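Worksheet for the structure shown next.
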Amino acid sequence: MTTALDYTTMFRLDGRRAVVLGAGSGIGREAAQALAAQGAEVICADLDPDAAAATADRAGPAASALALDVLDRA
1064 MTTALDYTTM
1074 FRLDGRRAVV
1084 LGAGSGIGRE
1094 AAQALAAQGA
1104 EVICADLDPD
1114 AAAATADRAG
1124 PAASALALDV
1134 LDRA
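The numbering of the sequence shown is the numbering used here, which starts it at 1064 and goes up by one.
Rendered as structure tokens:
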């Protein structure tokens, strides 16, 4: 006998926080949106602050933008 899995709740991330580096475009943008769609609070980090903000806007009210250069030691 096979038990049906409820995929709509299997990967819920409610109450979790995710930081996505490179969220301004491409795979990073899609990852940020996917995490937000599953209920995570998402911090969209990118070298380009405008691109990070655009992704955060698309991801929803639980998303925020952060200008971040991972090569800057400061």
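Where a beta carbon is used, it is the ideal one built from N, C-alpha and C, also for glycine.
All values reported here derive from a predicted model rather than from experimental measurement.
Query, Result
"Under a Cβ-count criterion, where at least 16 other Cβ atoms within 10 Å of its own Cβ denotes burial, should L1098 be classed as buried or exposed?", "buried"
"Locate the beta strand (DSSP E) running through A1081, then write down its first and last residues.", "R1080 to L1084"
"What distance in whole Å lies between the Cβ atoms of A1122 and A1101, which are believed to be in contact at a cut-off of 8 Å?", "The sequence as given places Gln at residue 1101; Ala does not occur at that position. The pair is not a contact, with the Cβ atoms about 11 Å apart (cut-off 8 Å)."
"By the 10 Å Cβ neighbour count, where 16 or more other Cβ atoms means buried, how is I1090 classified, buried or exposed?", "exposed"
"Short of 7 Å in beta carbon distance, which residues of its chain neighbour D1077, apart from the five on each side in sequence? Order them along the chain.", "G1102"
"From the DSSP output, which residues share a beta bridge with L1131?", "DSSP output for L1131 lists no bridge partner at all."
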